[in-house]
Amino acid sequence: CDDTSSGASFRWCDGVLLKAIKQGDWVLLDELNLASQSVLEGLNSCLDHRASVYIPELGETFDCPPTFRVFAAQNPLAQGGGRK
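Residue numbering for the sequence shown follows the working numbering, starting at 5 and increasing by one per position.
Structure follows, in structure tokens:
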């Protein structure tokens, strides 16, 4: 997401998850156990029967295509120490 304007402004740039949804790609969410509660709640709609995600900043809902996959990984509790 390149911004060539000279003044300060807000410009939306799709992140990895939204890009994967739009393209029907696979995404790996590493150390998901360290994610905040709000992030986990936001993922619920992607992973349940709704198969979509609402982006309030854009006022849009994006449907997850059948080829979209989420893989989640985490380290054992004894390795990595958890949240700080």
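Yeah, the Cβ is synthetic: ideal placement off N, Cα and C, and Gly gets one too. None of these values were measured; they are calculated from a predicted model.
Exercise. Go to E45, then tell me how far its alpha helix (DSSP H) extends in each direction, as first and last residue.
Key: Here residue 45 refers to the residue found at position 41 when the sequence shown is read from its first residue. Here the alpha helix (DSSP H) through E45 covers 41–51.
Quiz item: Are I25 and F72 touching if we call contact CB-CB under 7 angstroms?
Solution: As a position in the sequence shown, residue 25 is number 21, starting the count at 1. As a position in the sequence shown, residue 72 is number 68, starting the count at 1. Yes; because the gap between Cβ atoms is below 7 angstroms, this pair is in contact.
Exercise. Determine which residues share a DSSP beta bridge with E64 and list them.
Key: The count along the sequence shown starts at 1 and reaches residue 64 at position 60. Its beta-bridge partners are I59.
Quiz item: Using the rule of at least 16 other Cβ atoms within 10 Å of the residue's Cβ for burial, across every protein chain shown, is C68 buried or exposed?
Solution: Here residue 68 refers to the residue found at position 64 when the sequence shown is read from its first residue. Only buried fits C68, as 16 or more other CB atoms lie within 10 angstroms of its CB.
Practice problem: Let me know if L21 comes out buried or exposed under the rule of 16 or more other beta-carbons within 10 Å of its beta-carbon. | Solution: The residue you call residue 21 lines up with position 17 of the sequence shown. L21 comes out buried.
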